[in-house]
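Residue numbers (my numbering), protein chains in the order written: chain S, 293 to 756; chain R, 16 to 492. Everything below concerns the one structure shown next.
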Amino acid sequence: MNAIIVSALLGVVMMFSGIFTTNKTIIKNIATVGVLVLLAANLMEMNNLFSFDINTHDLIVTQRYGLFFNCIAFGATFIYLVLSASDITEVGVNAAEYFALIFFVLCGVAILSSFNGLLMLFIGVEILSIPLYILTGSDKRNLKSNEASLKYFLMGSFSTGVMLMGIALMYGATGNFGMVHSSGLRGAIIAAQQPPYLLVAGVILLFASMSFKVSAAPFHFWTPDVYDGAPSVFTSFMSTIVKAAGMLAFIRVFENLFTVLGPTWHIIVDFAIVSTLLIGNITAVFQQSVKRMLAYSSIAQAGFMLFALYANNTEIAKEGMLLYAAAYSLATISIFAVLIKLQDYSLDGFNGLAKKEPVLAFAATVSLLSLSGIPLTAGFFAKYYVLAGALQAGGALWLIIVAVLLAAVSVYYYFRVIQAMYFKEGDPQTLPISGGFKAALIAVAAFIVILGIWPSALLSWLYF
Amino acid sequence: MIPVLLLFIPLVAGILGFFIKEQKAASNWAIVASVVTLLTAVIGIYAMPASMHQFEASWLPSIGASFSVALDGMSKMLVLLTAISMPLIFIATRNNNYSKPGVFYALMLLAQSGLMGVFISMDALLFYFFWELALIPVYFLSSIWGGEKRIAVTFKFFIYTFVGSLLMLVGILYVYIHTKDHSFAWSSFTNTDLLSGQETLPFFLFFIAFAIKMPIFPLHTWQPDAYEQAPTATTMVLSGVMVKMGLFAAIRWVLPLFPMATKTFAMPIVILSVIGMIYASLIAIKQDDIKRLIAYSSIAHIGLMAAAIFAGGTLGLQGVQVQMFNHGINVIGLWILANAIESTLGTRKLSELGGLATKAPTMAILFVVLAFANIALPLTNAFIGEFLLFNGLFQFNIWIAAAAGVSIILGAIYTLQMVQKVFFGELSAVTANATEINSYSKWVLIVIVIAVIALGVYPQPLIDLTKDSVNALLVIK
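Now the structure itself:
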């Protein structure tokens with residue numbers, strides 16, 4: 293509960309801070325400290341030191357797994373703010389409001405990691421999404437940003453509608469909004485030998501709308517345009533923390549629901565995984581803009597995270613989901629932080645960066661290596677855990693072979709950026725870069741490598 | 016403790032090396048570091064008790080992976096090769112100048128560390144780690160300091176090997192879930208509950224990775240380009256040591272893990288290897304570029320070793336071990352000469368060379384000895400190796416041995432043709448002003464030539480080093 297309440301409060305604080313000061317540095321610092329407070333509050337609950345005691349009638353149930361995910365999400369947000377907070381204040385005039393919206397998104401994240409019924413899932417998804425529609429369109433004078441925002445809003449609302457429809461059908465079938473983790477819907481599912489068609493239809497609609505939220509194919513079409521059109525700082529946030537939270541919600545809600553679909557379940561997930569990986573990886577190869585390439589890469593990475601969904605009841609898949617969330621968020625936040633500093637987002641804009649800004653190029657390289665899953669970076673173990681989870685859950689070997697072959701494709705487009713930075717000549721124009729920014733980038737790179745050697749550094753906290 | 020030192024001396028030296036700015040200082044640093052590694056290896060292997068040859072530490076207990084390294088019979092030979100070749104390479108190429116020399120030498124040392132790791136890992140996940148890590152420094156070395164087409168060529172090489180290693184990762188996972196104690200340890204991997212029918216799939220997942228690295232026909236297409244475009248010092252590492260990763264891995268991770276599948280598929284693999292030998296030899300005859308010629312000749316030699324591995328048998332496997340070492344130092348010698356010719360004359364084209372023997376007699380003598388070793392003439396070290404290899408192949412199938420024998424004749428053709436075109440005949444416009452080989456390269460070559468002849472006359476030390484491991488391997492099978 294701590295995370296939900298504190299993040300909502302911090303959102304309000306940020307909104308009002310805009311009234312009292314227009315100094316961007318102060319606002320920025322309040323936000324950064326705010327995230328730390330949020331993290332501390334969450335840790336307190338995790339260690340049973342203090343938590344708000346509110347009777348939610350089992351709508352919200354906090355578990356160590358969800359709280360740990362919160363820690364990762366808030367930690368990633370902290371790193372994100374350290375690296376990019378000053379760029380957030382440059383997007384438009386209402387700096388304080390952007391931070392407020394980010395805190396509201398985090399509130400949504402906290403709900404998604406602890407919901408215990410379909411109703412709370414719906415509320416969480418909405419709290420998460422609505423601030424994002426605004427952030428996407430926050431660059432008001434940019435037509436692309438406006439277009440992206442409108443597109444995202446229309447498609448997002450439609451998918452929310454589909455989700456509500458699914459929930460309604462499931463309610464109709466079972467007479468229960470579903471306590472995913474206790475009695476209620478779960479009991480009804482187990483009791484029903486032959487699940488009613490109404491329920492099956494509802495589950496499939498829910499699957500479709502959750503696929504939309506995590507941009508899994510064939511519901512991914514909004515992703516490239518929205519990620520490309522949104523201001524880059526917010527793309528970074530959307531494609532990492534928000535996507536990981538969406539994926540977590542996806543996995544949590546289907547933890548028991550998948551039994552409804554019987555053997556069809558694996559066919560559906562197989563299809564989702566293969567098409568997501570295929571579309572994400574193959575299309576990314578042809579992109580000339582690094583920002584757009586990262587948008588497709590985020591689709592491809594979602595395909596790998598879906599493996600955790602495939603094997604959602606095994607311990608290793610759950611750990612893999614957390615590790616993937618951390619590894620992917622760190623790498624993507626750091627590569628976006630570098631991208632934002634460049635004037636030219638095209639591949640050629642990276643030419644010769646290693647000569648001009650060796651630290652930026654190095655950090656970007658570590659991130660790209662991690663995204664491609666090369667050993668000694670966190671990305672390797674993330675991929676390893678989810679694949680091992682799928683294999684242990686009896687996953688077909690062909691599926692895993694397809695996945696690793698597409699991972700090899702991903703090397704192609706990630707390494708093109710490395711090639712541009714190190715092997716090509718050029719004079720990239722960058723925004724002014726501070727020493728603190730470089731130090732933070734190095735720290736993130738070091739963290740990626742530490743997780744790549746010793747993932748237990750993170751995962752062991754799950755069991756304390 | 017020794018294997019850990021072998022891993023960390025080059026690693027730490029490499030990381031420190033990044034901060035050196037000057038050419039000479041960086042080169043000195045690399046030489047010192049590699050000589051220390053060499054001393055550690057030699058003293059460790061010959062003077063330390065067996066208890067010092069192993070090390071195990073906890074790494075990821077929850078998934079059954081541990082940091083387990085060992086210097087056993089299988090790895091000693093290649094560890095020694097890795098340790099010897101690096102100082103030779105560094106000294107021989109001391110006159111080469113690089114932009115950002117500190118980074119160059121640092122990456123070379125990191126590659127050495129990765130190679131050591133591949134050879135000493137006794138844990139499949141750790142092995143996979145080093146398998147990839149040995150590749151990354153080479154990728155940067157070739158892409159930054161290589162020839163004109165370096166970026167595309169190196170990228171092809173990288174993607175090729177990366178696809179292979181990802182398939183191997185799936186294979187590792189597959190075997191892992193079939194181990195009895197859910198562990199990545201080599202001992203668990205060689206003792207799984209895989210049925211003979213279940214071996215086929217993981218066998219090929221592993222085999223493709225190693226076949227790309229060796230390379231076995233038809234997966235060899237990355238190699239000549241990569242050798243040609245890489246800076247010479249890196250080419251030496253690639254062909255002297257790195258291709259041995261594939262051969263070594265087949266011995267360590269394929270034969271004991273999948274004995275049934277190895278037996279079933281031995282014939283097609285041996286045939287492919289022999290086709291590759293003859294094919295590469297024929298292409299080598301038509302080459303005009305010295306680097307490409309050596310590259311194709313290397314494919315032919317490796318093909319013979321690959322054939323012998325899958326043909327099995329004590330003599331053949333022993334021959335592979337001996338020959339891996341011999342081929343390593345011989346080919347490094349040839350690259351040093353190619354480098355000397357290119358750096359003094361500015362060309363590698365055979366058609367532009369000629370009559371060099373009159374201008375550079377020492378170089379000619381050294382080259383001829385190494386050329387003889389390349390054809391495996393008696394009294395050179397390669398003879399005993401090839402003899403054992405052919406012996407193994409002969410016991411496997413007489414016709415295949417005969418076909419493989421053709422490549423020896425072809426080998427003599429292209430090697431002697433090369434010697435003739437470079438050192439004899441008329442002086443060309445390019446070679447008219449040729450000078451003698453520089454003293455760094457000369458002394459390294461003299462050391463190599465002495466080793467070639469010494470091990471040719473008395474190969475027993477090499478055979479002793481590997482005997483136990485080959486016998487142990489056959490017991491497992």
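The beta carbon of each residue, even a glycine, is placed where N, CA and C say it ideally should be.
Item, Value
"C-alpha gap between residue 302 of chain R and residue 84 of chain R, whole angstroms", "42 angstroms"
"contact_flag[the segment 23 to 39 of chain R, the segment 70 to 82 of chain R] where n(CB pairs < 8 angstroms) is 3 or more", "no"
"Within 9 angstroms, strictly: CB atoms of residue 550 of chain S and residue 619 of chain S", "no"
"The segment 239 to 260 of chain R: positions lying closer than 9 angstroms to chain S by Cβ", "none"
"Buried versus exposed call for residue 146 of chain R [16 or more other C-beta atoms within 10 Å across all chains shown]", "buried"
"Chain S contact for residue 153 of chain R (CB, 9 angstroms cutoff)", "no"
"Every unbroken beta strand (DSSP E) within the segment 71 to 114 of chain R, with a cutoff of 3 residues, ordered by chain", "80 to 85"
"7 angstroms Cβ cut-off: residues of chain S touching residue 221 of chain R", "None at all; the shortest Cβ gap to chain S is about 13 angstroms."
"Residue 119 of chain R at chain S interface by Cβ criterion, 9 angstroms", "no"
"Near-chain R residues of the segment 650 to 682 of chain S (beta-carbon distance less than 7 angstroms), N- to C-terminal order", "666, 667, 668, 679 and 680"
"Nonlocal neighbours in the same chain, by C-beta distance under 6 angstroms from residue 487 of chain S, ignoring five residues either side", "552"
"Helix, strand or coil at residue 310 of chain S according to DSSP, with G and I counted as helix", "helix"
"Collapsed DSSP secondary structure at residue 431 of chain S in the structure displayed", "coil"
"Euclidean distance between Cα positions of residue 637 of chain S and residue 706 of chain S", "14 angstroms"
"The alpha helix (DSSP H) enclosing residue 285 of chain R, as first and last residue numbers", "274 to 300"
"Chain S contact residues for residue 158 of chain R, given Cβ-Cβ distances below 8 angstroms", "711, 714 and 715"
"Boundaries (first-last residue) of the alpha helix (DSSP H) holding residue 382 of chain S", "356 to 383"
"Whole-angstrom distance between residue 219 of chain R and residue 393 of chain S, CA atom to CA atom", "52 angstroms"
"First and last residue of the uninterrupted alpha helix (DSSP H) at residue 165 of chain R", "165 to 192"
"Whole-angstrom C-beta distance between residue 383 of chain R and residue 481 of chain R, which should lie under 8 angstroms", "Wrong, their Cβ atoms sit about 29 angstroms apart, outside the cutoff."
"Exposure of residue 129 of chain R, with buried meaning 16 or more beta-carbon neighbours within 10 Å", "buried"
"Spatial neighbours of residue 478 of chain R in its chain, beta-carbon cut-off 7 angstroms, leaving aside the 5 residues before and after", "333 and 337"
"Cα-Cα separation, residue 48 of chain R to residue 420 of chain R", "41 angstroms"
"Nearest-angstrom Cβ-Cβ length linking residue 308 of chain R and residue 299 of chain R, presumed shorter than 8 angstroms", "5 angstroms"
"Three-pair Cβ contact test at 8 angstroms for the segment 625 to 635 of chain S versus the segment 649 to 656 of chain S", "yes"
"At least three beta-carbon pairs within less than 8 angstroms, the segment 365 to 375 of chain R to the segment 230 to 249 of chain R", "no"
"CB contact check: residue 173 of chain R to chain S, cutoff 9 angstroms", "yes"
"Below-9 angstroms beta-carbon distance, residue 704 of chain S vs any chain R residue", "yes"
"Contact under 9 angstroms by Cβ, residue 700 of chain S with residue 174 of chain R", "yes"
"Residue 459 of chain S: contacting residues in chain R (beta-carbon distance under 8 angstroms)", "Neighbours of residue 459 of chain S on chain R: none; closest Cβ ~37 angstroms, over 8 angstroms."
"Buried versus exposed, by CB contacts within 10 Å (16 or more), residue 394 of chain R", "exposed"
"Every unbroken alpha helix (DSSP H) within the segment 448 to 479 of chain R, with a cutoff of 4 residues, ordered by chain", "454 to 472"
"Residue 757 of chain S at chain R interface by Cβ criterion, 9 angstroms", "Absent from the structure is residue 757 of chain S, since the part of chain S shown begins at 293 and ends at 756."
"Residue 60 of chain R, buried or exposed, once every other Cβ within 10 Å from all chains shown has been counted against 16", "buried"
"Residue 468 of chain R versus residue 655 of chain S - alpha carbon distance", "50 angstroms"
"Assigned exposure category for residue 249 of chain S - 16 Cβ within 10 Å defines buried", "Since the first residue shown for chain S is 293 and the last is 756, residue 249 of chain S is missing from the structure and cannot be characterised."
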